[in-house]
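Trainee:
There are 2 protein chains.
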Amino acid sequence: MPAPTRQLRRGHGRSTLRDVAEAAGVTSITVSRFLREPALVAEETAVRVRAALVQTGYVPNKQAGLLASGVSNIVAALLPNLANSIFAETAQGLSDTLQAAGHELLIASTGYSLEREEEQLRALLGWHPAAVVVTGRRHSPGAQALLASAQQAGTPVIEIWDWQLPSERAAQRAAGSRNPFTQIGFSHDEVGRAMAQHLLDAGHRHLAYVDSGIAEDYRAHERGLGFAARARSAGAEVSVLVAPPGDPFNAGREMLQRLLAGPAQGSGGEHDGPGARAGSRRGRGESSGSGTGTGTGSQGSAPRPSRTAKGAGGRSAVTAAAFANDHLASGALLEAARQRVAIPGRLALLGFGDFAWSRQLDPALSSVALPRYDIGVAAAQALLAARRGTPPAERALQWQLVARASTAARR
Amino acid sequence: MPAPTRQLRRGHGRSTLRDVAEAAGVTSITVSRFLREPALVAEETAVRVRAALVQTGYVPNKQAGLLASGVSNIVAALLPNLANSIFAETAQGLSDTLQAAGHELLIASTGYSLEREEEQLRALLGWHPAAVVVTGRRHSPGAQALLASAQQAGTPVIEIWDWQLPSERAAQRAAGSRNPFTQIGFSHDEVGRAMAQHLLDAGHRHLAYVDSGIAEDYRAHERGLGFAARARSAGAEVSVLVAPPGDPFNAGREMLQRLLAGPAQGSGGEHDGPGARAGSRRGRGESSGSGTGTGTGSQGSAPRPSRTAKGAGGRSAVTAAAFANDHLASGALLEAARQRVAIPGRLALLGFGDFAWSRQLDPALSSVALPRYDIGVAAAQALLAARRGTPPAERALQWQLVARASTAARR
DNA sequence: TTGAAAGCGCTAACAG
DNA sequence: CTGTTAGCGCTTTCAA
């Protein structure tokens, strides 16, 4: 029988370029060449190489190839979560687009923790990825430094699910506070304002925003801030409530109770993330009350007293609520149906995310449709472009407020 | 100014072990050692190394490390889809468990295509992963060969979301038909049978199974086959229908119509996958009719004529339907509510997957709760065990038929 | 059209 | 406790 040809420190039984070369009666460089530039190899040789390739079941070792060439095709992506349909679809968009371009996706989840983000980032950067995709614009100082140096070393860094106005970014850059990475997403402040505007337009003056309660989800908080700011500047009353943890549908059901009970039931701080503007702390507890803003009501409908009962706090009862996501909103809507609370008559309900079932409910839930999948596709495209030397364009992606029965205008 | 220290073919600006060593006044092996076995380095030296590490912002190059040591910590996973909550949660389970163990997750989606699976597998194997996770037990011949040789080379291969009885597997092995990989999941045939049994127990004799219409999702078809087999052997009538493509909620709504119209409306072949048992083709179109099986009704309730009208085909109208997933079932349930069709009075509805909203509907949807997240965790644990030399245990994971109002027994 | 030599950044083995 | 040497499997020169 053939003696085991096991050399010192030789890999784990997988055949190498040299094995193929031996079988084909050439040197390894010829096989390597055949694999990358078949045109440069004589047809006669090619035939033998092809046969040897099949015979040995050769699978190229990418670490070796990458080490030698310095060219990576791995893209590292960091998402808060893979199970949430929001990020799952983004992952799918990334995966589809990257696969089509021959890249591979190394993925990690952070559970919304900046600490875990930094840790994972450190691990992923060790693969010298062709590009890095992170979620959001806020990172730990360490992560920020890692990203900056990666970017400097030529690895494009892309921030998804967030977007700042160019002017904002220029200001920050001037202040030297951070490195400008490519952003692909949308402004959560803007969405929050649009959500408020939508409810104002429907004639509501007593609004509430229900936050998800995930402390580190600063984007949800920003929507809440935008919502409250717009409402106040229109002279409306706003409460910000925080949903309890646990099943979000049940949390939504519970929130319906609190909303009906009146604004004074609102609770919970605003969970400003670590990057919140200094000096903007308003203390814990409910932030509510009429705004000191300028406008009194922008689009037509003048303020009008609510026909509903006064809430517990002595202030008027909330007549319209916006939620951090469709799960919460749906829970509230289902609970309202069970209790025969008129939607939108007694309370208008507005979600965020526009999940597939939202339009199926009765009444159908108004929501904000998000470019979930497209964010992944656009991020992949931007990073592919960056690799080709094209400076990747910032992209504010389109979202859309989808008005359905749950926020139909009051008559 | 300092001369650019750019050496020939030197990497891309990132600092290497040698840079750190120089800064610390030692050789690279000492730094390497410090990183892996700090105890072996003198404290004095360690101090200088630590400083140099920080100063240079060193990030270890994993390809080089892996190439030199032959030890990989990458796990490659192939899933049909990342956006579907079923696989998204599995991905999360994998990610969480793997991250905790210091492994990294290289992920790819196949869109249920065996061809894409093989292609992706080939690409991922190039990273010499520590283990490979694939979905299901059916693969293209090429993929099968790749997996077998990977397994032989010492890379554990784990098949998730499916499970066969040890006896079945032994038979297959004896027939030499395939390599035995570790399976972590459950038997879809068994689930299908349980779904039928549940409806039979509730007194139904005219059943239907609604398939998802994804041709390559053989697991859904197997559930359908198990469902039909159990129903027939109990002497009940069964139709197998196939949902149209597009939004699954809307498809479910449409299917309600067809179910109410009677069994003759059923259509679509059974989409047996490429691995279906030879000789089992029953031709296209609806497979229906009373079974030639043995039992007449197992658990109590004797066959009882339906009180509802006769269907179009002259046979009795369907009184209970099981669906390939909760999306379809929910669509049907919502449509029934809209049309004031009594659920479960006129038609009992049973889903699969037990998604979060299913229990929120009215009536609440009966469904099969799946170990979505746990499959990921168990797969990760099995592969971790395999790496430690423990032969990974096959695991049939628990599912549970959750009976709710939508299939409450007829009175 | 093919090959030889050198090196990517790191680690295993063996000295010292 | 630290260093030297060789080599992981591949690709990049450069030469024939």
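Chains R and G, in that order, give the protein sequences. The C-terminal residue of the first sequence carries number 433 in our numbering, and the numbering is unbroken. The C-terminal residue of the second sequence carries number 433 in our numbering, and the numbering is unbroken. The C-beta atom is built at its ideal place from N, Cα and C for all residues, glycine as well.
Quick check on residue 112(R): buried or exposed, where buried means 16 or more other Cβ atoms within 10 Å of its Cβ?
Mentor: Label assigned to residue 112(R): buried.
Trainee: Name the one or two DSSP bridge partners that residue 261(G) has.
Mentor: BP columns for residue 261(G) point to 230(G).
Trainee: Residues of chain G with a CB under 9 angstroms from the CB of residue 411(R): which are they?
Mentor: Under the 9 angstroms cutoff, chain G gives no residues; its nearest Cβ is about 15 angstroms from residue 411(R).
Trainee: Count the other CB atoms within 10 Å of the CB of residue 288(G); is the residue buried (16 or more) or exposed (fewer)?
Mentor: In this prediction, residue 288(G) scores a pLDDT of 42, lower than 50, which makes its location untrustworthy; no coordinate-derived value is stated.
Trainee: Ignore the nearest five residues each way along the sequence and tell me which others in residue 88(R)'s own chain have a CB closer than 6 angstroms to its CB.
Mentor: Counting only Cβ-Cβ distances below 6 angstroms, and skipping sequence neighbours, we find 94.
Trainee: Please state the DSSP three-state secondary structure of residue 164(G).
Mentor: Three-state result, residue 164(G): helix.
Trainee: Could you check what DSSP says for residue 203(R) in three-state terms: helix, strand or coil?
Mentor: In the structure shown, residue 203(R) sits in coil (DSSP, three-state: anything other than H, G, I, E or B).
Trainee: So residue 13(G) and residue 233(G) are in contact, right, with Cβ under 8 angstroms, and what is the actual spacing, rounded?
Mentor: Residue coverage of chain G in this structure runs from 23 to 433, which leaves residue 13(G) outside it and unanswerable.
Trainee: What separation, rounded to the nearest whole angstrom, lies between the Cα atoms of residue 223(R) and residue 342(R)?
Mentor: Computed Cα separation, rounded: 11 angstroms.
Trainee: Check each candidate in 57(R), 161(R) and 168(R) and name the one with the smallest Cα separation from residue 151(R).
Mentor: Comparing Cα-Cα distances from residue 151(R) to each of 57(R), 161(R) and 168(R), the minimum goes to 168(R).
Trainee: Should residue 429(R) be labelled buried (16 or more other beta-carbon atoms within 10 Å of its own) or exposed?
Mentor: Result: buried.
Trainee: Under 7 angstroms Cβ-Cβ, which residues of chain G neighbour residue 40(R)?
Mentor: Correct list: empty, because the minimum Cβ distance to chain G is about 15 angstroms.
Trainee: Give the range of the beta strand (DSSP E) segment to which residue 422(R) is assigned.
Mentor: It spans 422–424 - the beta strand (DSSP E) in which residue 422(R) sits, taken as one unbroken run.
Trainee: At which residues does the alpha helix (DSSP H) containing residue 45(R) begin and terminate?
Mentor: Run containing residue 45(R): 39–46, per the alpha helix (DSSP H) assignment.
Trainee: To the nearest whole angstrom, what separates the beta carbons of residue 419(G) and residue 208(G), a pair I think is in contact under 8 angstroms?
Mentor: At roughly 5 angstroms, the Cβ-Cβ gap stays under 8 angstroms, so residue 419(G) and residue 208(G) are in contact.
Trainee: In three-state terms, what does DSSP make of residue 419(R)?
Mentor: If DSSP states are grouped into helix, strand and coil, residue 419(R) belongs with coil.
Trainee: Out of 62(R), 374(R) and 67(R), which one is the CA nearest neighbour of residue 20(R)?
Mentor: For chain R, the structure presents residues 23 to 433; residue 20(R) sits outside this window and is missing.
Trainee: Using DSSP with H/G/I as helix, E/B as strand and the rest coil, what is residue 177(R)?
Mentor: DSSP places residue 177(R) in coil when its eight states are reduced to three.
Trainee: Taking Cβ positions, are residue 421(G) and residue 213(G) nearer each other than 8 angstroms?
Mentor: Yes, the Cβ-Cβ distance between residue 421(G) and residue 213(G) is below 8 angstroms.
Trainee: Would you say residue 380(G) reaches chain R, if we count a Cβ-Cβ gap shorter than 8 angstroms as a contact?
Mentor: Answer no: the Cβ-Cβ gap between residue 380(G) and chain R never drops below 8 angstroms.
Trainee: Report, in whole angstroms, the separation of the C-beta atoms of residue 348(R) and residue 367(R), which I expect to be a contact under 8 angstroms.
Mentor: Not confirmed; about 21 angstroms, so no contact.
Trainee: Just to confirm my understanding: we take residue 273(R), look at its own chain, exclude 5 residues before and 5 after, and list those with CB closer than 7 angstroms. What are they?
Mentor: Answer for residue 273(R): 265, 266, 350 and 353, listed in chain order.
Trainee: Which residues of chain G have a Cβ atom closer than 8 angstroms to the Cβ of residue 127(R), listed in chain order?
Mentor: Here the neighbours are 128, 129 and 130.
Trainee: From residue 253(G) to residue 206(G), what does the alpha carbon distance come to, in whole angstroms?
Mentor: The straight-line gap from Cα to Cα measures roughly 27 angstroms.
Trainee: Could you check how far apart the C-beta atoms of residue 340(R) and residue 230(R) are, in whole angstroms? I think they sit under 8 angstroms.
Mentor: Yes, they are in contact, since the Cβ atoms of residue 340(R) and residue 230(R) sit about 4 angstroms apart, within 8 angstroms.
Trainee: Give a yes or no on whether the minimum CB-CB distance between residue 171(G) and chain R is below 8 angstroms.
Mentor: Cβ-Cβ to chain R under 8 angstroms: yes for residue 171(G).
Trainee: Would you call the stretch 407–418 of chain R and the stretch 130–140 of chain R touching, i.e. three or more CB-CB distances under 8 angstroms?
Mentor: The stretch 407–418 of chain R is not in contact with the stretch 130–140 of chain R.
Trainee: Can you say whether residue 126(R) is buried or exposed, counting buried as having 16 or more other CB atoms within 10 angstroms of its CB?
Mentor: By the 10 Å Cβ count, residue 126(R) comes out buried.
Trainee: Taking 8 angstroms as the CB-CB limit, is residue 111(R) close to chain G?
Mentor: Interface residue, yes.
Trainee: What residues are listed by DSSP as bridge partners for residue 388(G)?
Mentor: According to DSSP, residue 388(G) bridges with 372(G).
Trainee: Quick check: is the beta carbon of residue 271(G) nearer than 8 angstroms to any beta carbon in chain R?
Mentor: Closer than 8 angstroms: yes.
Trainee: Beta-carbon within less than 7 angstroms of residue 142(G)'s beta-carbon, same chain only, minus the 5 sequence neighbours each way: which residues are those?
Mentor: Cβ neighbours of residue 142(G) beyond the five flanking positions: 100, 130 and 132.
Trainee: What do you get for residue 189(G), buried or exposed, if any count of 16 or more other CB atoms within 10 angstroms of its CB means buried?
Mentor: So residue 189(G) ends up on the exposed side.
Trainee: Can you list, in chain order, the stretches of the alpha helix (DSSP H) that have 4 or more residues and sit fully within the stretch 59–117 of chain R?
Mentor: Within the stretch 59–117 of chain R, the complete alpha helix (DSSP H) runs of at least 4 residues are 65–78 and 84–91.
Trainee: Residue 103(R) and residue 114(G) - do their beta-carbons sit closer together than 8 angstroms?
Mentor: Yes, they are a contact pair.
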